[in-house]
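Trainee: Before we start, here is the structure in question, set down as structure tokens.
2 protein chains.
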Amino acid sequence: MDLPDGADTRHYLGVRDSIAAHIENGDLGHNACLPSERQLQSGTGAARGTVRAALFQLEAEGLIYRKERSGWYVSPAPIVYDPTRWEGFMSYVKAQGRDPKTELLGTCEVQATAALADIFGVDAGATLYELRRRRYVDDRAVLVETIYVDPRLAPGLLDHDLDGSLTQVLKREYVVDVARNRIDMQPCALTQAEAAALRVKSGLPGLLVTRISYDAQGRVVEYDQEYWRHDALKVSVDIRVG
Amino acid sequence: MDLPDGADTRHYLGVRDSIAAHIENGDLGHNACLPSERQLQSGTGAARGTVRAALFQLEAEGLIYRKERSGWYVSPAPIVYDPTRWEGFMSYVKAQGRDPKTELLGTCEVQATAALADIFGVDAGATLYELRRRRYVDDRAVLVETIYVDPRLAPGLLDHDLDGSLTQVLKREYVVDVARNRIDMQPCALTQAEAAALRVKSGLPGLLVTRISYDAQGRVVEYDQEYWRHDALKVSVDIRVG
DNA sequence: AAGTGGTCTAGACCACGCC
DNA sequence: GCGTGGTCTAGACCACTTT
Chain A
1 MDLPDGADTR HYLGVRDSIA AHIENGDLGH NACLPSERQL QSGTGAARGT
51 VRAALFQLEA EGLIYRKERS GWYVSPAPIV YDPTRWEGFM SYVKAQGRDP
101 KTELLGTCEV QATAALADIF GVDAGATLYE LRRRRYVDDR AVLVETIYVD
151 PRLAPGLLDH DLDGSLTQVL KREYVVDVAR NRIDMQPCAL TQAEAAALRV
201 KSGLPGLLVT RISYDAQGRV VEYDQEYWRH DALKVSVDIR VG
Chain B
1 MDLPDGADTR HYLGVRDSIA AHIENGDLGH NACLPSERQL QSGTGAARGT
51 VRAALFQLEA EGLIYRKERS GWYVSPAPIV YDPTRWEGFM SYVKAQGRDP
101 KTELLGTCEV QATAALADIF GVDAGATLYE LRRRRYVDDR AVLVETIYVD
151 PRLAPGLLDH DLDGSLTQVL KREYVVDVAR NRIDMQPCAL TQAEAAALRV
201 KSGLPGLLVT RISYDAQGRV VEYDQEYWRH DALKVSVDIR VG
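Sequence order for the protein chains is A and B. Under full-length UniProt numbering, think of the first position of the first sequence as 1, with each following residue one higher. Under full-length UniProt numbering, think of the first position of the second sequence as 1, with each following residue one higher.
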């Protein structure tokens, strides 16, 4: 690894710049693997801790990501996510020339906690369907989601094919239509469970997207919590005012 | 600092847990200052690097923040931001019982770059107004923004009072009304300029919120780039479907 | 088995905020 | 001027992935 003019690669921001320069020059393509930390070290004369500080910096900026104990890789371009669109993850990822995949991790019936009961307007302890899914772009896991549905609106939902768009299933099989959405987005850290599901280190920054869908009668159709990798996503919304 | 039952405070996740427990128990209120790194060290027997790893973890999670070379502090609750609401930052921060402040950093006239010209539909090199502002919640800087406006829509804009809602000024003084918004949100790292304006360390995670406002004729009214602290913000949107 | 990242230690010096 | 965080060094051992 050579350096741009006169950068001080003994400091972590200098090391950062020299690696960033290689990525931006196109020497390293998307998902390319970086040299090992010890190799980067010998290229710069810095201690390994310094090299790692530079790599953490680039990770926070979304330029690189890591696979546990395997190595550091160049991040691909983020995909654009429009929470107001309804054709679903699978089709808009495809529309951007990327390869989507959804994996159903599991389903179960749960008793509503106080918070869930409040959202659905049911009694605490009422039964709800719970779905956990993991979604991929180009074989990289980018989000895990937990979805809750009221069985009274969609009895027998768990017997259907849930590897695609849930909203489509609800519409087609149960004539349940979404009229309104409440969407929350909040930067967060990926904690134990989400991080494990995404196979990243716990504590990596992420984005929590929460969606509550209502039908025309104001009933809650679907409550969805999506934990995204922070570097996989760009949210874009077009909103009419008034 | 005592510990929850049996946590291993020699490891950074153990140190993290013991500090997090103190915050969540309410021992430390909002904006309270944590003990110094060297004090935390002696309380746990860990090396200072380990203590710092724990603090970085908590920072990524949004529980604490730092003031350069001053110390670590407990993060206050995030404010809720609704990009579809038009009464402006000042009033919705107040509505949440917090104390907002806007500071005009500077204004100027700039020549449109290729990207800006494309957004506004003008020739490259055309003149645009540029405003830079910094906004606070409870005297903590939470965002810096750069706003561009086409002078043909609002001649003499820079002579008005720009410490409040720009949209109000445009509506009141120029009868320019927003009919549509395109809003983009993307996790990012706060780079040099933004980090300096927010007085945080360069590289801290943030959220870039970009808004393009259009009037009923489809003309660009306002182009706004907001760089937010990642722990200051929760985006919440209510959207009608169909 | 070899190599990788993940973690940790125990020092050190500096620039800067605060008093 | 003292204490703080910011940065850096030069080791070490472990758990895991990869070959």
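Backbone N, C-alpha and C fix where the C-beta goes; we use that ideal spot for every residue, glycine too. Every value quoted in this text rests on a predicted model; they were computed, and no experiment measured them.
What did DSSP end up calling B/Leu40 once you bin it into helix, strand or coil?
Mentor: In this structure, B/Leu40 counts as helix in the three-state DSSP scheme.
Trainee: Per DSSP, A/Ile119 is paired with what?
Mentor: DSSP lists no partner for A/Ile119.
Trainee: Taking the alpha carbon of B/Arg240 as the reference point, which residue from A/Trp228, A/Ala20 and A/Ile212 has its own alpha carbon closest?
Mentor: The candidate whose alpha carbon is nearest that of B/Arg240 is A/Ile212.
Trainee: Step through the CB atoms of chain A and report whether any lies within less than 7 Å of the CB of B/Ala232.
Mentor: No, because no Cβ of chain A sits closer than 7 Å to the Cβ of B/Ala232.
Trainee: Can you list, in chain order, the residues of its chain with a C-beta nearer than 8 Å to that of B/Val142? Leave out the 5 residues immediately preceding and following it.
Mentor: Around B/Val142: Ile79, Arg135, Tyr136, Leu198, Trp228, Arg229, Ala232 and Leu233.
Trainee: Going by C-alpha to C-alpha distance, which of B/Pro151, B/Leu104, B/Val122 and B/Gln111 sits closest to B/Arg133?
Mentor: For the residues B/Pro151, B/Leu104, B/Val122 and B/Gln111, the minimum Cα distance to B/Arg133 belongs to B/Leu104.
Trainee: Can the beta-carbon of A/Gln41 be found less than 7 Å from the beta-carbon of A/Arg52?
Mentor: The answer is no: Cβ separation not under 7 Å.
Trainee: Am I right that A/Val144 and A/Glu130 are in contact with their C-beta atoms under 8 Å? What's the rounded C-beta distance?
Mentor: No, A/Val144 and A/Glu130 are not in contact; Cβ-Cβ is about 13 Å, not under 8 Å.
Trainee: Tell me whether the beta-carbon of A/Ser236 lies closer than 7 Å to the beta-carbon of B/Asp238.
Mentor: Not in contact: A/Ser236 and B/Asp238 (Cβ atoms no closer than 7 Å).
Trainee: Under 9 Å between beta-carbons, which chain B residues line up against A/Asn181? List them in chain order, please.
Mentor: What A/Asn181 touches in chain B: Val237, Asp238, Ile239, Arg240 and Val241.
Trainee: Mind pulling the chain A residues with CB within less than 8 Å of B/Gln186?
Mentor: The answer, in chain order, is Pro78, Leu233, Lys234 and Val235.
Trainee: Out of curiosity, what's the CA-to-CA distance linking A/Arg66 and A/Glu37?
Mentor: Each residue's Cα considered, the two are about 12 Å apart.
Trainee: Verify the CB distance criterion: does A/Val93 have a CB-CB separation below 7 Å to chain B?
Mentor: Closer than 7 Å: no.
Trainee: Using a Cβ-Cβ distance cut-off of 7 Å, determine whether A/Glu61 contacts chain B.
Mentor: Chain B contact via Cβ: present.
Trainee: State the start and end residues of the unbroken beta strand (DSSP E) segment that holds A/Gly206.
Mentor: Residues Pro205 to Tyr214.
Trainee: Helix, strand or coil: which one does DSSP assign to A/Leu13?
Mentor: Note: A/Leu13 maps to helix in three-state DSSP.
Trainee: Would a C-beta distance cut-off of 7 Å place A/Val15 and A/Ala60 closer than the cut-off?
Mentor: Taking 7 Å as the Cβ cut-off, A/Val15 and A/Ala60 do not qualify as a contacting pair.
Trainee: Helix, strand or coil for A/Glu61, going by three-state DSSP, please let me know.
Mentor: Coil, per DSSP.
Trainee: Mind listing the chain A neighbours of B/Gln168? Cutoff is C-beta to C-beta under 7 Å, in chain order.
Mentor: By Cβ distance, chain A contributes nothing, its closest Cβ being about 14 Å from B/Gln168, past 7 Å.
Trainee: Taking CB distances under 7 Å as the criterion, tell me whether B/Pro205 reaches chain A.
Mentor: Output row for B/Pro205: interface = yes.
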